[in-house]
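Asks: A single structure is presented below for examination.
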Amino acid sequence: MSLIQLTATDLLKKLSAGEVTSVEVTQAFLDQIESADKQVGAFLSVTKDSALEQAADVDSRRKAGKPVGLLGGVPVAIKDLLCTKGQVTTCASKMLENFIPPYDATVVRKIREADGVLIGKTNMDEFAMGGSTENSALGKTSNPWNLDCVPGGSSGGAAACVAASMAPLSIGTDTGGSIRQPAGFCGVTGLKPTYGRVSRFGLIAFASSLDQIGPMARTAEDAALLLEAISGHDPMDSTSANVASPQFSQTVGKPLEGLRIGLVKEHFGDGLDSEVEATVREAVKVYQSLGATISDVSLPHNKYAIATYYIIAPSEASSNLARYDGVHYGHRCDEKQMIEQLAAEKKAFEESGDEEGLRNMDTSLVRMYRQSRAEGLGPEVKRRIMLGTYTLSAGYYDAYYLKALKVRRLIRQDYDTAFKEVDLIVGPTTPSTAFKTGAKTDDPLSMYLEDLYTVSANLAGVGGISIPCGFSTTGMPIGLQLQAPPLAEEKLLQASHMFQQATDWHTRRPELS
Amino acid sequence: MSESLPYKIVIGLEVHVQLATKTKLFCRCSTEYGNAPNTQTCPVCLAMPGAMPVMNREAFQLGMRTACALDLQIPLFTKWDRKNYYYPDLPKGYQISQFDLPMSEKGTLYISDPKGRFEPKDVGIIRAHLEEDAGKSMHDEANGKADSRIDLNRCGTPLLEIVSEPDMSSPEEAKAYLEELKLILSYLGVSDCNMQEGSLRVDANINLHIETKNGKIATPIVEIKNMNSFRAVERALHYEAPRQYDIWQETGGVIGEISKETRGWDDSAQVTRAQREKEDMSDYRYFPEPDLAPVTVTEAQIAEVKASLSELPQQIRKRLQADYKISEYDAEVIVNQGQATVDYYEALVSKVNDGKLAANWITQGVLRILKEQQIEIDAFPITTDRLADLLSAVQNKEIDTTRAKDVFEKLLESETSVADMMKEMGIEKVDDSAIDSLCRELLEANPKVVADLKAGKQQAVGSLIGQAKKKNPNIDPGSFRKLCLEIVQSM
Ligand SMILES: [Zn+2]
Chain A
85 MSLIQLTATD LLKKLSAGEV TSVEVTQAFL DQIESADKQV GAFLSVTKDS
135 ALEQAADVDS RRKAGKPVGL LGGVPVAIKD LLCTKGQVTT CASKMLENFI
185 PPYDATVVRK IREADGVLIG KTNMDEFAMG GSTENSALGK TSNPWNLDCV
235 PGGSSGGAAA CVAASMAPLS IGTDTGGSIR QPAGFCGVTG LKPTYGRVSR
285 FGLIAFASSL DQIGPMARTA EDAALLLEAI SGHDPMDSTS ANVASPQFSQ
335 TVGKPLEGLR IGLVKEHFGD GLDSEVEATV REAVKVYQSL GATISDVSLP
385 HNKYAIATYY IIAPSEASSN LARYDGVHYG HRCDEKQMIE QLAAEKKAFE
435 ESGDEEGLRN MDTSLVRMYR QSRAEGLGPE VKRRIMLGTY TLSAGYYDAY
485 YLKALKVRRL IRQDYDTAFK EVDLIVGPTT PSTAFKTGAK TDDPLSMYLE
535 DLYTVSANLA GVGGISIPCG FSTTGMPIGL QLQAPPLAEE KLLQASHMFQ
585 QATDWHTRRP ELS
Chain B
1224 MSESLPYKIV IGLEVHVQLA TKTKLFCRCS TEYGNAPNTQ TCPVCLAMPG
1274 AMPVMNREAF QLGMRTACAL DLQIPLFTKW DRKNYYYPDL PKGYQISQFD
1324 LPMSEKGTLY ISDPKGRFEP KDVGIIRAHL EEDAGKSMHD EANGKADSRI
1374 DLNRCGTPLL EIVSEPDMSS PEEAKAYLEE LKLILSYLGV SDCNMQEGSL
1424 RVDANINLHI ETKNGKIATP IVEIKNMNSF RAVERALHYE APRQYDIWQE
1474 TGGVIGEISK ETRGWDDSAQ VTRAQREKED MSDYRYFPEP DLAPVTVTEA
1524 QIAEVKASLS ELPQQIRKRL QADYKISEYD AEVIVNQGQA TVDYYEALVS
1574 KVNDGKLAAN WITQGVLRIL KEQQIEIDAF PITTDRLADL LSAVQNKEID
1624 TTRAKDVFEK LLESETSVAD MMKEMGIEKV DDSAIDSLCR ELLEANPKVV
1674 ADLKAGKQQA VGSLIGQAKK KNPNIDPGSF RKLCLEIVQS M
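For the protein sequence lines, the chains are A and B, in the order given. Note that the first sequence covers residues 85 to 597 in my numbering. Note that the second sequence covers residues 1224 to 1714 in my numbering.
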C-alpha cells in the first residue's frame, strides 16, 4: 500500500516507528497533488517548500529523540478561509486575492504546534457561501468520484483533497453544513464540532454565530486526532467554550454500550432521494446489529431551519463583509478611471440640466466603495449581503431577524427535548448525492435546500458528523449524519468509529486516471 | 412680524467620554494620545479578516464607577451590538456599541449655581453605555488635492456615551451640567476629560416649547455638533434658541412635521450651520454582536464599586461648608478645582485652624497664580507648610495682610522659609511702645487731624497711617489706627 492510501493514524505509527520520515510522507502527498489536482482542483495554493521544511524539522527532532507533537509530521490541508501567517489567504474571492495575513488562525497555530505539516490551502465557495464550491472566484473543484459532479461546499476542496488522497487530514468550516455536506458528497468523514469547541480566531467570518471549524479525514479515528489538536478554549475568541478538551484520539476506540439512536421523522419526508433513504436505513440496521436501540424523535421546527438560517447567516454576513470596502486592504477599483467616470457623469447631468441626477450623484468615496465591492465580490456573496442588509433594516428587523432568533431558540429546544430520549440523532447528511456541475447554479433556492438536514445543528450549536455509508447506483458516495448534544463530540466519534469498524465504505477510494 | 411669544428652551446633552484605560476596548493596543499615526494598531483594531474582539474588563469597570457616581442603575445582564455604517475611519464597517440593553440607565446629576442664575435641579440621565471610538480622518485639500488620511490610533479607544434627559432649560444650565459632569469624571479618575484632545465630546439637542394662543407647540429638534469647549456649547445654544424661534415664525414648522436636523457650530463665525448628513446614516442596522459574549454583573460587584467610590464633588462642597464654615461660593470654587486643590485646602486649614482665612488665600491668591502661570496645584511652589507659616504670621499680627501679599509673591520665586523671607524683607513685629511713640509723634505734628478726629471724622486717621507706614513699613495699620483713636479720645 502506498503512503498516500494510509490513514493519518497509520502514518503516525510508521513515523514513530521510524519506518518512514515526514519528508517522505509529505513528498508522497505533494506528488499526488502534482498528478491528481490538475483534474480535481482542490487546492488554491500548495506550500511545497515550507511543508518540506516543516517535515524535515519534525524528522530531525524525532531522530534526536526530542518531543514531537500529536500530529507528528502528518500533512494537513487548510481551507482558504483560515488565516495563515505570511501565506496568501483568499477566501476564494477576488476581493482578498492578494491578502497575506500577518498572523495565524488559532487552529493553524495549534496544528503547527502539534507538528501537522501545512501542505496547502483548499478551494471553497467564496467566503464559504455556497454548497458546491462553484462560487469560488479563483478556481473550479471537481468531485473525485465523478469529475462532472460538484464536490459539495463550501469546504469542497477540503473534502475533495482527502477523497483524492492528496492530504490525509484537512480543515473545513461549517456554517450551515459546509463540512458535512461535502464530506457526504466526497465519501469522507467530516465533523462539525459544537459551537465554541474550536476557536474561531483567524477564521474569516461568514456568519459568526454559526461558523465552526472542524476536521475532515478518512476515518473517525483520524478526525478524532485532528479535533484533539485543534480544540480547546482560546482567550482570543470570547465565544470559545471554557471547558477542558478531551483526548479524543484516546477515547475514539471505546465502543458505546446501550447506544440509543433517534431517527428524525422530519428527515425522512419529501425531497429525500429514495436511494439515499434506503442506504441510510441500511446503515441504521448496522447500528442495530451493534446493539443500539432505535426510536423515532421529532424536531418539529426543523421545517423552519432553512428560512431561519437564510435570515441569520446573511444578516451577520452583511456586517462581517462590510470591511471589504477597498479602504484599508483588499481589492480597490481603478481610482483614476473611477474619477474620470464620475466627472463624465457630472458633465452629462450638467449639460442636460438634470438637477436631480446631479443631487443624487455618488461622492467619490461612495463610488469607490460601490465599485470596489461590485468588482471584488461574486454574485452569491452580493445576494447574501443584500438579503442580510434588508433583514436588518429598520422596519424589517422585528419581522425577520428578531423572529429568526426566536425560531432559533425553538430549534435548540427541539434538540434538548430529543436528546432527553436518545444519545444520538441519525439520518441522511443530504437529500441526494452530488449533483452535476452547473445543475443548480441558476436556482439558488434548490441549492439552499441542500442544507435541509444540516443547518439545524448550526442554529442549535450542537455537533454533527458525516460518515460514508454507501454508494448510489451511479457510484456516488452517500453520507450518514450523526448529531449529538453540545460538547458530546466523543460520542459522535465513538459511534462513527463503531460503524467504520463494521463497514468498509470509508476505505473506498475513487479512481483517478 | 407678530409680537414675541414666551418660550421655554429644552436642552438634552450627549457626552462621549474617553475612558482612561491603558489599552483599547477590544484589543491590547495603547490608547496614548499624540503619537505618530497608525503606530498603535493591531489586527483587531485594523479589522483584519479573522481578528476577533476581546473585552477590556478595566473599561467596563470604569464604566461601572461612572454609572454608580451618576446614580445610574446597572443591570445584571448587558450585551454588545453592532452599529453598521460605512466610513473610512471605521475599518470594520461597524462600531461595537450597546443598543437596547446598555450597561446602565436612569440616573441623575445635581446642578446648582452659586451666583443664582438658575434654581438648583436634578438633571435626569437616560443611560450611559460603552462603545468603541472610531479613527480620525484628516482631509488634506492642499494643492487642489482631495486626499484623505486616516489615523487609526484612536480606533477602539473605549468611550462612555452619557445621554441626559432634555431637562435643561437654559444654556447656563447646560454649561453647569457639563462642568459638573466633567468634575465628577475627574474626581473618579475615569477620564482626563481633555476637550482639545477629544477625550470629551459634546453634542446638544435643543428645541423650544412656545406658548401660543392655541396652546403649547414644540419646534423641531436640532442636534448641534462641532463644539470644542463648554463655552462654545453655551454660545451655540444661545445662538440656536432665537434662531429656532425665528424659523418657527417664518415657517410654522413643528416637531413631527419636520425631521430632526443636524447643525454644526462654526466657532469663528459664531453661528450654527446645517450639516450634510453622512451617506446612509439614518439606519444603523443594529444587531447583537455575535463575536462577544454578553456581560454579566453581580449585585456584589456593584456593591463593591459603590463602596470603592471616593467622595463626590457635591458631597465635598457640603462637608467643607459644614466643617469649615465657609460660604457656598468658596466651597464651589475650591471643589471645582479638583481633588488636589481640596486636599491643599484641607491641609492648610488643619495648620491654621481658620477655614475662612485659608479659603480667602486660596481663592484670591493661590488660584490666581495657577491661572496666571497656567499650572496645576501640584506644581504650585508654596507648600501648605509655608503658606500656613505666612498665615500664622498674619494671625499673630506679625505682618499685615498687604505686606503678607508681598511676601507671598516673593515665596513664589524661592524656597526660603517664611521667617527668613520676612527677615530678608526687613519685616518684623513692631512692639507696642514703638507704635505708641510713633502715634504720639504724628498726632503732635498734625493738629488738624486731631481736630478732625475729635469732631468725629474717623477717616482722618488714614493720612496718619500713610505717614506711619512711610516711617516704619512694619507698622500694623490696624493696631496703629486703634491706638491713635484711643489716644485722641483720652486727650
Ligand atoms: Zn489594536
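For each residue, glycine too, the CB sits at the ideal point set by N, CA and C.
Assign B/ASP1503 to buried or exposed, taking buried as 16 or more other Cβ atoms, counted over all protein chains shown, within 10 Å of its Cβ.
Replies: As a working mapping, residue 1503 of chain B is identified with position 280 in the second sequence. Its pLDDT being 44, under 50, B/ASP1503 is placed unreliably in this model, and the coordinates cannot settle the point.
Asks: For chain A, find out if any of its Cβ atoms is closer than 9 Å to the Cβ of B/GLU1502; answer yes or no.
Replies: Within the second sequence, numbered from 1, the residue matching residue 1502 of chain B stands at position 279. Residue placement at B/GLU1502 is poorly supported in this model, since its pLDDT is 44, which falls under 50; the coordinates still yield a value, given next. It does; some Cβ of chain A falls within 9 Å.
Asks: Between the alpha carbons of B/LEU1634 and B/LEU1404, how many angstroms are there, rounded?
Replies: The residue given as residue 1634 of chain B occupies position 411 in the second sequence. The residue given as residue 1404 of chain B occupies position 181 in the second sequence. For B/LEU1634 and B/LEU1404, the distance between alpha carbons rounds to 35 Å.
Asks: Using a Cβ cut-off of 8 Å, pull out every chain D residue sitting near B/VAL1565, in sequence order please.
Replies: Among the protein chains in the structure shown, which are A and B, there is no chain D.
Asks: Hey, does B/PRO1381 have any beta-carbon neighbour from chain A nearer than 9 Å?
Replies: Your numbering for residue 1381 of chain B matches position 158 in the second sequence. No, B/PRO1381 lies away from the interface with chain A (no Cβ there is under 9 Å from its Cβ).
Asks: Among residues of its own chain, excluding the 5 on either side of B/ILE1622, which ones have a beta-carbon nearer than 6 Å to its beta-carbon?
Replies: Position 399 of the second sequence holds residue 1622 of chain B. Counting only Cβ-Cβ distances below 6 Å, and skipping sequence neighbours, we find ALA1616 and ILE1650.
Asks: Can you round the beta-carbon distance between B/PRO1443 and B/VAL1477 to whole angstroms, since I take them to be within the 8 Å contact cut?
Replies: Translated into positions along the second sequence, residue 1443 of chain B becomes position 220. Translated into positions along the second sequence, residue 1477 of chain B becomes position 254. Indeed, because the Cβ distance is near 7 Å, the residues count as touching under 8 Å.
Asks: Judging by CA-CA distance, which residue of B/TYR1308, B/GLU1638, B/LYS1245 and B/LYS1338 is the nearest neighbour of B/ASP1553?
Replies: Residue mapping note: residue 1553 of chain B aligns to position 330 of the second sequence, counting from 1. Of the candidates B/TYR1308, B/GLU1638, B/LYS1245 and B/LYS1338, the one whose C-alpha sits nearest the C-alpha of B/ASP1553 is B/LYS1338.
Asks: Rounded C-beta distance between A/LEU309 and A/ALA92? I'm assuming under 8 Å.
Replies: Position 225 of the first sequence, counting from 1, holds the residue named residue 309 of chain A. Position 8 of the first sequence, counting from 1, holds the residue named residue 92 of chain A. At roughly 6 Å, the Cβ-Cβ gap stays under 8 Å, so A/LEU309 and A/ALA92 are in contact.
Asks: Kindly give me the distance between the Cβ atoms of A/GLY346 and A/VAL381, rounded to whole angstroms, as I take these residues to be in contact under 8 Å.
Replies: Within the first sequence, numbered from 1, the residue matching residue 346 of chain A stands at position 262. Within the first sequence, numbered from 1, the residue matching residue 381 of chain A stands at position 297. That pair is a contact at about 4 Å.
Asks: Hey, how far is the Cα of A/TYR499 from the Cα of A/GLN578?
Replies: In the first sequence, the residue the question calls residue 499 of chain A occupies position 415. In the first sequence, the residue the question calls residue 578 of chain A occupies position 494. Straight-line Cα distance between these residues: approximately 20 Å.
Asks: Residues of the segment 1507 to 1524 of chain B with a CB closer than 9 Å to any CB of chain A: list them in chain order, please.
Replies: TYR1507, ARG1508, TYR1509, PHE1510, PRO1511, GLU1512, PRO1513, ASP1514, LEU1515 and ALA1516
Asks: Just to confirm before moving on: does the CB-CB distance between A/GLY214 and A/PHE555 stay below 9 Å?
Replies: Counting from one through the first sequence, the residue named residue 214 of chain A turns up at place 130. Counting from one through the first sequence, the residue named residue 555 of chain A turns up at place 471. Not closer than 9 Å, so no.
Asks: Between A/LEU253 and chain B, is the shortest Cβ-Cβ distance under 9 Å, so that the two count as touching?
Replies: Reading the first sequence from its first residue, position 169 is the one you call residue 253 of chain A. No, no contact with chain B.
Asks: How many Å lie between A/SER324 and A/PHE285 at the Cα?
Replies: For the purposes of this step, residue 324 of chain A is taken as residue 240 along the first sequence, with counting starting at 1. For the purposes of this step, residue 285 of chain A is taken as residue 201 along the first sequence, with counting starting at 1. Rounded to the nearest angstrom, the two C-alpha atoms are 9 Å apart.
Asks: On the three-state DSSP scale, how would you describe B/ASP1503?
Replies: Here residue 1503 of chain B refers to the residue found at position 280 when the second sequence is read from its first residue. Annotation note: pLDDT 44 at B/ASP1503 (below 50); position unreliable, coordinate value reported separately. B/ASP1503 falls in the coil class under three-state DSSP.
Asks: Mind checking the segment 1267 to 1287 of chain B against chain A and listing, in chain order, the residues whose C-beta falls within less than 8 Å of any C-beta there?
Replies: LEU1269, ALA1270, MET1271, PRO1272, GLY1273, ALA1274, MET1275, PRO1276, VAL1277 and MET1278
Asks: Apart from the five residues just before and just after B/TYR1256, which ones in its own chain have a Cβ nearer than 6 Å to its Cβ?
Replies: As a position in the second sequence, residue 1256 of chain B is number 33, starting the count at 1. Around B/TYR1256: GLU1420.
Asks: Name the DSSP bridge partner or partners of B/ALA1441?
Replies: For this step, residue 1441 of chain B is matched to residue 218 along the second sequence. DSSP, once it has assigned bridges, lists B/HIS1432 as partnering B/ALA1441.
Asks: With distances taken between CB atoms, is the gap from A/LYS81 to A/GLU459 smaller than 9 Å?
Replies: Outside the displayed range of chain A (85 to 597) lies residue 81 of chain A, so it cannot be described from this structure.
Asks: Could you name each continuous alpha helix (DSSP H) segment of 4 residues or more that falls completely within the segment 1610 to 1645 of chain B, going from the start of the chain to the end?
Replies: 1624 to 1636
Asks: Please classify A/GLN45: is it buried, with 16 or more other beta-carbons within 10 angstroms of its beta-carbon, or exposed?
Replies: Nothing can be reported for residue 45 of chain A, as the shown portion of chain A is limited to 85 through 597.
Asks: On the three-state DSSP scale, how would you describe B/CYS1291?
Replies: Position 68 of the second sequence, counting from 1, holds the residue named residue 1291 of chain B. Helix.
Asks: What number of angstroms, rounded off, separates the C-alpha of B/MET1224 from the C-alpha of B/ASP1336?
Replies: The sequence position of residue 1224 of chain B within the second sequence is 1, counting from 1. The sequence position of residue 1336 of chain B within the second sequence is 113, counting from 1. Note that B/MET1224 scores a pLDDT of 46, beneath 50, so its modelled location is shaky; the value from the coordinates is reported in the next line. Cα to Cα, the separation comes out at about 36 Å.
Asks: Examine chain A for any beta-carbon lying closer than 9 Å to the beta-carbon of B/ASN1307, and answer yes or no.
Replies: By 1-based counting over the second sequence, the position of residue 1307 of chain B is 84. So, interface residue.
Asks: Interface residues of chain A around B/GLY1487 at Cβ under 8 Å?
Replies: Residue numbering aside, residue 1487 of chain B sits at position 264 when the second sequence is read from its first letter. The contacting residues do not exist; B/GLY1487 stays about 18 Å from chain A at best.
Asks: Taking the alpha carbon of A/LEU99 as the reference point, which residue from A/VAL152, A/ASP306 and A/LYS575 has its own alpha carbon closest?
Replies: Sequence index remark: in the first sequence, residue 99 of chain A carries index 15 (1-based). With distances taken between Cα atoms, A/LEU99 lies closest to A/VAL152.
Asks: Would you mind listing the beta strand (DSSP E) stretches within the segment 95 to 156 of chain A that are 3+ residues and don't spill past its ends, in chain order?
Replies: 127 to 130
Asks: Is there at least one Cβ from chain A nearer than 9 Å to B/GLY1479's Cβ?
Replies: Numbered from 1 along the second sequence, position 256 holds the residue referred to as residue 1479 of chain B. B/GLY1479 does not count as touching chain A.
Asks: Is A/ASP318 near A/THR173, with beta carbons less than 9 Å apart?
Replies: As a first step, residue 318 of chain A is located in the first sequence; it is residue number 234 there, counting from the start. As a first step, residue 173 of chain A is located in the first sequence; it is residue number 89 there, counting from the start. For A/ASP318 and A/THR173, no; Cβs fall outside 9 Å.
Asks: Of all the CB atoms in chain B, is at least one closer than 9 Å to the CB of A/TYR393?
Replies: Sequence index remark: in the first sequence, residue 393 of chain A carries index 309 (1-based). Taking Cβ atoms only, chain B never reaches closer than 9 Å to A/TYR393, which makes this a no.
Asks: With DSSP as the reference, label A/ASN542 as helix, strand or coil.
Replies: If you number the first sequence from 1, residue 542 of chain A lands on position 458. Helix.
Asks: Please confirm whether A/LYS575 and A/ASP507 have their CB atoms less than 9 Å apart.
Replies: Residue 575 of chain A sits at position 491 when you count from the first residue of the first sequence. Residue 507 of chain A sits at position 423 when you count from the first residue of the first sequence. It is a contact, given that the beta carbons lie within the stated cut-off.
Asks: How many whole angstroms separate the CB atoms of A/ALA247 and A/PRO228, which I take to be in contact at a CB cut-off of 8 Å?
Replies: For the purposes of this step, residue 247 of chain A is taken as the residue at position 163 of the first sequence. For the purposes of this step, residue 228 of chain A is taken as the residue at position 144 of the first sequence. Confirmed, Cβ separation roughly 5 Å.
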